[in-house]
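*Asks:* Protein chains in written order, with the working numbering: chain A, 1 to 115; chain B, 1 to 114.
Built from N, CA and C at the ideal position, the CB exists for glycine as well.
Structure below; questions to follow.
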Amino acid sequence: DGGITQSPKYLFRKEGQNVTLSCEQNLNHDAMYWYRQDPGQGLRLIYYSQIVNDFQKGDIAEGYSVSREKKESFPLTVTSAQKNPTAFYLCASSIFGVGVNTEAFFGQGTRLTVV
Amino acid sequence: GDSVTQMEGPVTLSEEAFLTINCTYTATGYPSLFWYVQYPGEGLQLLLKATKADDKGSNKGFEATYRKETTSFHLEKGSVQVSDSAVYFCALSAKRGGSEKLVFGKGTKLTVNP
């Protein structure tokens, strides 16, 4: 089945450690996105990529990094510079950007907890 | 900048009640508008969309009409079910830096009791 897969579902990290969240899609979508979800905050865009080897910062990129070496993969690294990393992280993809007659497909999310 | 404002939750209804979740937006140009639904512990799924003024999106008994004059896209359902309990997000597509991205509202949690 085509879809977008995030792993792991739950992740625990010690303070001061970097951690990488995986996102893979087999929908042949050009664009991929990372959002952060906090209670009462909705979804906030961290990074997005519209093509391999290219990505742009979203609204809350500080303390995060990404790579887009393959069309189907868009991993997110939460670095020790991120002051409040505990959150639910959602990856999404779309054909190219989001607009007329396009929709974003979301993964099941990764819940990251700093212990 | 572009933004979406939706009614604060949580909303609690009895089964078969009428549902309205208000959503208004601010945007330059003519965005596409979306409603997404998130069931507990899951990602978001597209519920419905509208791409131009006066369009009505509909799915699973839910409807929303793109109202340019009031910059609104309110979600309605005539008779809710327990299975509709979820968080609902209003969103628009916005052009930023030469590309388009989704801008989300903060979400409205709906609980439907039997």
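1) Would you call the CB atoms of A:Ala31 and A:Ile46 closer than 8 Å?
2) How about B:Gly43 and A:Gly109: are their beta carbons less than 8 Å apart?
3) Per DSSP, what are the beta-bridge partners of A:Tyr47 in this structure?
4) Note down, in chain order, every chain A residue with its Cβ under 8 Å from the Cβ of B:Phe89.
5) Using only the alpha-carbon positions, how far apart do B:Thr71 and B:Phe89 sit?
6) Select from B:Met7, B:Lys60, B:Ala53 and B:Gln6 the residue whose C-alpha is nearest the C-alpha of B:Gly29.
7) Using the rule of at least 16 other Cβ atoms within 10 Å of the residue's Cβ for burial, across every protein chain shown, is A:Lys83 buried or exposed?
8) Kindly say whether B:Lys49, judged by its beta-carbon, lies nearer than 8 Å to any beta-carbon of chain A.
9) Can you tell me where the beta strand (DSSP E) with A:Val66 in it begins and where it stops?
10) In chain B, what lies closer than 7 Å to A:Gln108 by C-beta?
*Replies:* Taking the structure as given:
1) no
2) yes
3) A:Trp34 and A:Lys57
4) Gly42 and Leu43
5) 16 Å
6) B:Ala53
7) exposed
8) yes
9) Tyr64 to Val66
10) Glu42 and Gly43
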